[in-house]
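Participant:
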Amino acid sequence: MNEQRIGDNLTDVKVKNRALVLSLVKKRGLLSRIELARITGLTQPTITNIVNELIASNLLQEVGTSDTKAGRKPILLSFNNRAFYTIAISFSRHGFSVALTDLTPNILFRRDSDYELQENTEIALLELQKEFIHVLEYATQSLRLILGIGVSVPGPVEAETYTILAHPIFLNHKSLDLRSHLKEYDLPIFMANNADAACLHETWNGVAKEIPNVVYFMAGEGVGAGILIDGKLYEGKNKKAGEIGHTSVNIFGPRCVCGNQGCLEMYCNTEKILEKAREAAWFGESQFLHQLLTEKRDELKFHHLIEGAQENDITCQNILKQLGQYIGVGIVNILNVFDPEVVVIGGEAALAKEFIEEPIKRGIEERLLYRDYITPNIHYSQWGDDIRLLGAASVVLDHFMAGELGRF
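The numbering used here numbers the first residue of the sequence shown as 6 and each following residue consecutively.
#1: Determine the closest residue to C204 out of E280, D117, E240, with distance taken between C-alpha atoms.
#2: Given a cut-off of 8 Å, decide if G267 and N255 are closer than it, judged by their beta-carbon atoms.
#3: Can you tell me which residues form a DSSP beta bridge with N103?
#4: Tell me, which residues are paired with C268 by DSSP?
#5: Is the beta carbon of E226 less than 8 Å from the beta carbon of P159?
#6: Given a cut-off of 8 Å, decide if A224 and A314 are closer than it, judged by their beta-carbon atoms.
#7: According to the neighbour-count rule (16 or more other Cβ atoms, all chains shown, within 10 Å of its Cβ), is F307 buried or exposed?
#8: Could you say if the segment 345 to 365 and the segment 375 to 384 meet the contact criterion of at least three C-beta pairs nearer than 8 Å?
#9: Among residues of its own chain, excluding the 5 on either side of M6, which ones have a beta-carbon nearer than 6 Å to its beta-carbon?
#10: Which residues mark the beginning and the end of the beta strand (DSSP E) in which E67 is found?
#11: Would you check if there are 3 or more beta carbon pairs closer than 8 Å linking the segment 67 to 82 to the segment 101 to 118?
#12: By how many angstroms is the C-alpha of T16 removed from the C-alpha of E207?
#13: Within a Cβ cutoff of 6 Å, which residues of the same chain sit near G335, ignoring the five residues on either side of it in sequence?
#14: For the pair the segment 361 to 369 and the segment 319 to 329, tell me if three or more CB-CB distances fall below 8 Å.
#15: What do you get for T320, buried or exposed, if any count of 16 or more other CB atoms within 10 angstroms of its CB means buried?
#16: Report yes or no: do the segment 135 to 152 and the segment 89 to 96 share at least 3 C-beta pairs separated by less than 8 Å?
#17: Going along the chain, which residues of its own chain have a beta-carbon closer than 8 Å to the beta-carbon of H295, five neighbours each way excluded?
#18: Rounded to a whole number of angstroms, what is the C-alpha to C-alpha distance between H309 and L298?
#19: In the DSSP assignment, the alpha helix (DSSP H) including S399 goes from what residue to what residue?
#20: Return the chain-ordered list of same chain residues with a C-beta closer than 6 Å to the C-beta of G69, the five sequence neighbours on each side being excluded.
#21: Does N198 pass the burial test, meaning 16 or more other C-beta atoms within 10 Å, or should it be called exposed?
#22: Using 8 Å as the threshold, is the C-beta distance between V219 and L233 below it?
#23: For the structure I just gave you, are there three or more beta carbon pairs, one from the segment 182 to 191 and one from the segment 368 to 379, closer than 8 Å?
#24: Report yes if the C-beta distance between Q305 and L279 is below 8 Å; otherwise report no.
#25: Would you say A354 reaches chain D, if we count a Cβ-Cβ gap shorter than 8 Å as a contact?
#26: Quick check on this structure: which residue in D191, L108, K135, K32 has the alpha carbon closest to the alpha carbon of N63?
#27: Check whether the Cβ atoms of G368 and V20 lie closer than 8 Å to each other.
#28: Could you tell me if E370 is buried or exposed, where buried requires 16 or more neighbouring beta carbons within 10 angstroms of its beta carbon?
#29: Leaving aside the five residues before and after R283 along the sequence, list all residues of the same chain whose C-beta is less than 7 Å from its C-beta, in chain order.
#30: Within 10 Å of its beta-carbon, does S291 have 16 or more other beta-carbons around it, so buried, or fewer, so exposed?
#31: Can you tell which of D119, I216, A200 has its C-alpha closest to the C-alpha of L133?
#32: Measuring alpha carbon to alpha carbon, tell me which residue in N14, E40, T45 is nearest A24.
#33: At what residues does the beta strand (DSSP E) containing I383 begin and finish?
#34: Please determine, among M271, L394, L148, the residue with the shortest C-alpha to C-alpha distance to L192.
#35: In or out: I138 buried (at least 16 other Cβ within 10 Å) or exposed?
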């Protein structure tokens, strides 16, 4: 029987201390050695040794001095976001993207494809390999600095076996072993559900930095939650936690593809929202939507709904208001169960903040169990569609910053 090792040897302690120092500088920005010693509780000589090692590894840089009124001015340290790179792959229900990112992460180069795994898996994978090669060619001068491949998908994954699991909405037919299609590149692969990946990004480079208890509520082409508890992703026993979209909010509601009735996803999924918008257009309830569909046929997108609301189309505004009401119900359930410090709303729904914010706020005020004592901290993701790629890159970043890749 294999038991998990719970003790730390000297090497483990050194790596943990380096990871601690590196993470602090990355998340807080400019810090001096004196500040690092004060924050970490490590001795000044230990901090000096760690910093010197990280500078030698090109991960930290000295960037001037801080302003002090007296005495020697402390030298400031910054994190070198170009020390290493990642390759990020994000899948959606309507295609995929491949990108080279730095450690910010910033997207430096990207390739997008509308080939869907659902429609023709083999053709889509051939296209993936082609786009992957384009990214590698762009990164020719930095190949040895690529840490690994991060993958985010809108469904369950088996990270240990590099497998995207069969899913009735995303990958209907069979599970997919992604490693077999990328193994020739000899790079470590890290996979996560897109809500988990997005949650990691917000903790490294978004509104949830240094906050240990966070829930990322993703509402777009799917509905799910990334859950951070005590600074670590909560995945559950079977690593399927966070499927908030498949919790029922109406036991007599429409049947979901999962077999349940009245799933939250049936009310917050943007495809379902657009179905309402098309129906309203054809029944003459919205002149804006009717004219748009007459001109564009089936090309109605979620951003069109936002545009209609911004042009004071009452139907568009009401559809988005109802979306906000249902998101509010989902967030109340999250707050009652997990009691996070911060909830981040992401996915396409976040683009409609000006129309969903008030109904979400009102729903929380009316429904939250401890509403007289708790003021929830709700934020909206600022990353738009890029969050899928940035999340994929952040999955690699998270493993790297924990010292798991042997690079420091």
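Glycine included, every Cβ here is placed at the ideal spot set by N, Cα and C.
Facilitator: So, to answer that:
#1: The residue labelled residue 204 in the question sits at position 199 within the sequence shown. Of the listed residues, the one whose Cα sits closest to C204 is E240.
#2: Counted from its first residue, the sequence shown places residue 255 at position 250. Counted from its first residue, the sequence shown places residue 267 at position 262. Yes, they are a contact pair.
#3: Stepping through the sequence shown from its first residue, residue 103 is reached at position 98. Sequence check: residue 103 is Val here, not Asn. DSSP lists I94, R116 as the bridge partner or partners of V103.
#4: On the sequence shown, position 263 is the one that residue 268 refers to. C268 is bridged to S253.
#5: Taking the sequence shown and counting its residues from 1, one reaches residue 226 at position 221. Taking the sequence shown and counting its residues from 1, one reaches residue 159 at position 154. Their beta carbons are under 8 Å apart, which means E226 touches P159 by this criterion.
#6: Position 309 of the sequence shown holds residue 314. Position 219 of the sequence shown holds residue 224. In this structure, A224 does not lie closer than 8 Å to A314 by Cβ.
#7: Start at 1 with the first residue of the sequence shown, and residue 307 comes out as number 302. Classified as buried, F307 has 16 or more neighbouring CB atoms from the shown chains inside 10 Å of its CB.
#8: Taking 8 Å as the limit for Cβ pairs, the verdict is that the segment 375 to 384 does touch the segment 345 to 365.
#9: Within the sequence shown, numbered from 1, the residue matching residue 6 stands at position 1. The predicted position of M6 is uncertain, since its pLDDT is 47 and thus under 50; a value taken from the coordinates is nonetheless stated next. Shown here for M6: not one same chain residue has a beta carbon closer than 6 Å to its own, the five before and five after excluded.
#10: Position 62 of the sequence shown, counted from the first residue, corresponds to residue 67. From DSSP, the beta strand (DSSP E) with E67 extends over 65 to 70.
#11: The answer is no - the segment 101 to 118 does not touch the segment 67 to 82, with fewer than three Cβ pairs under 8 Å.
#12: Residue numbering aside, residue 207 sits at position 202 when the sequence shown is read from its first letter. Residue numbering aside, residue 16 sits at position 11 when the sequence shown is read from its first letter. If you draw a straight line from the Cα of E207 to the Cα of T16, it comes to about 30 Å.
#13: Taking the first residue of the sequence shown as 1, we reach residue 335 at position 330. Excluding sequence neighbours, G335 sits near I249, L269.
#14: A contact exists between the segment 361 to 369 and the segment 319 to 329.
#15: Here the question's residue 320 lines up with position 315 in the sequence shown. With 16 or more Cβ atoms within 10 Å of its Cβ, T320 is classed as buried.
#16: Yes: the two stretches touch, three or more of their Cβ pairs being nearer than 8 Å.
#17: Position 290 of the sequence shown holds residue 295. Sequence-distant partners of H295 (beyond 5 residues in either direction) whose C-beta falls short of 8 Å from its own C-beta, in its chain, are A286, W287, G289.
#18: Your numbering for residue 309 matches position 304 in the sequence shown. Your numbering for residue 298 matches position 293 in the sequence shown. Put simply, the backbone Cα of H309 is about 10 Å away from that of L298.
#19: The residue you call residue 399 lines up with position 394 of the sequence shown. From DSSP, the alpha helix (DSSP H) with S399 extends over 392 to 406.
#20: The residue labelled residue 69 in the question sits at position 64 within the sequence shown. These residues qualify, in order along the chain: L81.
#21: Taking the first residue of the sequence shown as 1, we reach residue 198 at position 193. Counting the other CB atoms within 10 Å of its CB gives N198 a total of 16 or more, which places it among the buried residues.
#22: Within the sequence shown, numbered from 1, the residue matching residue 219 stands at position 214. Within the sequence shown, numbered from 1, the residue matching residue 233 stands at position 228. The criterion of a C-beta distance shorter than 8 Å is satisfied by V219 and L233.
#23: Cβ pair count under 8 Å is below three, so no.
#24: Numbered from 1 along the sequence shown, position 300 holds the residue referred to as residue 305. Numbered from 1 along the sequence shown, position 274 holds the residue referred to as residue 279. The amino acid at residue 305 is misidentified as Gln; the sequence shows Leu. Yes, these two residues count as a Cβ contact at 8 Å.
#25: The question asks about chain D, but that chain is absent: this structure has only one protein chain.
#26: Taking the first residue of the sequence shown as 1, we reach residue 63 at position 58. Comparing alpha carbon positions, the residue from D191, L108, K135, K32 closest to N63 is L108.
#27: As a position in the sequence shown, residue 368 is number 363, starting the count at 1. As a position in the sequence shown, residue 20 is number 15, starting the count at 1. No, the pair does not count as a contact, with Cβ atoms beyond the cut-off.
#28: Numbered from 1 along the sequence shown, position 365 holds the residue referred to as residue 370. Residue environment for E370: exposed (fewer than 16 other C-beta atoms within 10 angstroms of its C-beta).
#29: On the sequence shown, position 278 is the one that residue 283 refers to. Sequence-distant Cβ neighbours of R283 in its own chain, meaning closer than 7 Å and more than five residues away, are L298, L305.
#30: Here the question's residue 291 lines up with position 286 in the sequence shown. S291 counts as buried, since at least 16 other C-beta atoms from the protein chains shown sit within 10 angstroms of its C-beta.
#31: Counted from its first residue, the sequence shown places residue 133 at position 128. Of the candidates D119, I216, A200, D119 places its Cα closest to the Cα of L133.
#32: Counting from one through the sequence shown, the residue named residue 24 turns up at place 19. The shortest C-alpha separation from A24 is found at T45.
#33: The residue labelled residue 383 in the question sits at position 378 within the sequence shown. From DSSP, the beta strand (DSSP E) with I383 extends over 383 to 385.
#34: The count along the sequence shown starts at 1 and reaches residue 192 at position 187. Out of M271, L394, L148, L148 has the C-alpha closest to the C-alpha of L192.
#35: Stepping through the sequence shown from its first residue, residue 138 is reached at position 133. Exposed, by the Cβ-count rule.
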